[in-house]
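A.B. asks: I have a structure I would like to understand better, so I am pasting it below and will then ask my questions one at a time.
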Amino acid sequence: MAKPSNKKIVDALTNIRWDADFFDPKNGNFDSIYYSDKTLFTYALLVNGDVLQYASDEFKADAEMVGVAISSSISSFAYIDEKFKHDKEFILKHCDYNVLEYLPDEILLDKKFLMNYDVEDLAVLLETKPHLYKDDREFILKILQNNGNALRHLSADMQNDFEMAKASVLNNSHAYQHIGNKLKDNEELLKLAIKWNGDILEYAIDKFKQDKEIAKIAVSNNASAICFLPKEFQSDKELISLALGSRMNVSDAMLSINKEVFKDREFSKRLMYINEAIFDYFDSELQKDTEFKLIKKIQEI
């Protein structure tokens, strides 16, 4: 069976995003001229920049073609001529922060160059090149202050470092789940986290989950935090009132709240004024009650 013409293949490329393997010369999908014709090969790079791996040394050293490849697929940076990997001006012109993992160490140690990128994006370096910065406390702290979740990429010693943990949690409450075991007993760090997201209580040690003052902070901004509290707290009317007042994830909270508390008619009425949505969780008797239906209508106005 005859191969399709280059024109037909080019036409197809405008509509289909082929995998790079489709262009592997070993597969014989193209005439050999395809790999030496700059215009034709550029079409392939537009479709998938990783096709650059099958390019000639001449094409890999062509700034225009390399620019096309990188704009199509940042991972094509791995195949470009070495001169571009050391050309800071070229890198800044054509590449976003995703290229950082492909850069040589000498460039990644240039802090002035790195500051051309958003600090929060530099977190990728703590994941891919941690050895370069293990002794640079100031640099690591700066990243954590802008991307707290980067704490998960650090060593156990650094995750147990109070200053680093605090910087991370202040930036992103979810970073609390990555703090070291030695800091799990630190009340200040937990309060910083649950102040913004009560669900972080899930990662707290038991003694904090049994602390009512901490529980109040958590449920006040996220009702579902009550799911992580002891059974007796899930029947505590003060905590339930605070949880429903937060209006966050109420449906999740209702999975754990002890429904027996709703048998207290006066308490249930107070809850209706806090959050009328609680009406949907009452038993059928209360839902038929004229007074409760009236309160719901008033609250919905």
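The number in my numbering is simply the position in the sequence shown, starting from 1, with 164 added. Each residue gets a CB set at the ideal place from its N, CA and C atoms; glycine is no exception. These numbers were taken from a predicted model, which means no experiment stands behind them.
#1: Would you please state the rounded distance, in angstroms, between the beta carbons of K275 and F303? I believe it to be under 8 Å.
#2: With distances taken Cα to Cα, identify the nearest neighbour of D400 among D428, V283, F326, M412.
#3: Cα-Cα, which of W182, K298, Q398, N311 is closest to A320?
#4: Do L305 and A314 have their C-beta atoms closer together than 7 Å?
#5: Check the C-beta distance from Q323 over to H342 and give it rounded, since I have them as a contact under 8 Å.
#6: Which residue's Cα is closest to the Cα of L204: M229, E352, E366, S235?
#7: Using a Cβ-Cβ cut-off of 7 Å (strictly less than) and excluding sequence neighbours within five positions of K423, which residues of its own chain qualify?
#8: Report the residue ranges of all alpha helix (DSSP H) runs contained in full by the region 178-230; include only those spanning at least 4 residues, in chain order.
#9: CA-CA distance, N345 and N335?
#10: Assign G213 to buried or exposed, taking buried as 16 or more other Cβ atoms, counted over all protein chains shown, within 10 Å of its Cβ.
#11: If L216 and I244 are in contact, beta carbons under 8 Å, what's the gap, nearest whole angstrom?
#12: Taking C-beta to C-beta, are L393 and K373 nearer than 7 Å?
#13: Which two residues bound the contiguous alpha helix (DSSP H) that contains N310?
#14: Where does H250 land, buried or exposed, given buried means 16+ other C-beta within 10 angstroms?
#15: Beta-carbon separation of S384 and L354 under 7 Å?
#16: Return the CA-CA distance between K190 and A227, expressed in angstroms with no decimal places.
#17: Roughly how many whole angstroms lie between the Cα atoms of I421 and D325?
#18: Less than 7 Å between the C-beta atoms of D416 and S388, yes or no?
#19: In three-state DSSP terms, what is D245?
C.D. replies: So, to answer that:
#1: The residue given as residue 275 occupies position 111 in the sequence shown. The residue given as residue 303 occupies position 139 in the sequence shown. Contact check for K275 and F303: beta-carbon distance about 7 Å, within the 8 Å limit, so the pair qualifies.
#2: If you number the sequence shown from 1, residue 400 lands on position 236. Checked all of D428, V283, F326, M412; the closest Cα to D400 is D428.
#3: Stepping through the sequence shown from its first residue, residue 320 is reached at position 156. Looking only at W182, K298, Q398, N311, the smallest Cα-Cα distance to A320 is reached by K298.
#4: Within the sequence shown, numbered from 1, the residue matching residue 305 stands at position 141. Within the sequence shown, numbered from 1, the residue matching residue 314 stands at position 150. A314 sits away from L305, with the two beta carbons spaced by 7 Å or more.
#5: Stepping through the sequence shown from its first residue, residue 323 is reached at position 159. Stepping through the sequence shown from its first residue, residue 342 is reached at position 178. Yes, Q323 and H342 are in contact; Cβ-Cβ is about 6 Å, under 8 Å.
#6: Here residue 204 is taken as the residue at index 40 of the sequence shown, counted from 1. Taking the Cα of L204 as reference, the smallest distance to any Cα among M229, E352, E366, S235 is reached at M229.
#7: On the sequence shown, position 259 is the one that residue 423 refers to. Closer than 7 Å at the Cβ level, and outside the excluded window around K423, lies no residue.
#8: Secondary structure in the region 178-230: the alpha helix (DSSP H) runs of 4 residues or longer, each lying completely within the stretch, are 202-211, 221-224 in chain order.
#9: Looking up residue 345 in the sequence shown gives position 181. Looking up residue 335 in the sequence shown gives position 171. Each residue's alpha carbon lies about 20 Å from the other.
#10: Sequence index remark: in the sequence shown, residue 213 carries index 49 (1-based). It counts as buried.
#11: The residue you call residue 216 lines up with position 52 of the sequence shown. The residue you call residue 244 lines up with position 80 of the sequence shown. That belief holds up - the Cβ atoms of L216 and I244 are roughly 7 Å apart, short of 8 Å.
#12: Residue numbering aside, residue 393 sits at position 229 when the sequence shown is read from its first letter. Residue numbering aside, residue 373 sits at position 209 when the sequence shown is read from its first letter. A contact, by the Cβ cut-off of 7 Å.
#13: Locating residue 310 in the sequence shown gives position 146, counting from the first residue. Residues 301-310.
#14: Translated into positions along the sequence shown, residue 250 becomes position 86. It counts as exposed.
#15: Walking along the sequence shown from the start, residue 384 turns up at place 220. Walking along the sequence shown from the start, residue 354 turns up at place 190. Contact check for S384 against L354 fails: the beta carbons are separated by 7 Å or more.
#16: What you label residue 190 is simply residue 26 of the sequence shown in a count that begins at 1. What you label residue 227 is simply residue 63 of the sequence shown in a count that begins at 1. Whole-angstrom Cα-Cα distance: 26 Å.
#17: Residue mapping note: residue 421 aligns to position 257 of the sequence shown, counting from 1. Residue mapping note: residue 325 aligns to position 161 of the sequence shown, counting from 1. The alpha-carbon atoms of I421 and D325 are separated by roughly 37 Å.
#18: On the sequence shown, position 252 is the one that residue 416 refers to. On the sequence shown, position 224 is the one that residue 388 refers to. Taking C-beta atoms as the reference points, D416 and S388 count as a pair closer than 7 Å.
#19: Position 81 of the sequence shown, counted from the start, is the residue given in the question as residue 245. Reduced to three states, the DSSP call for D245 is coil.
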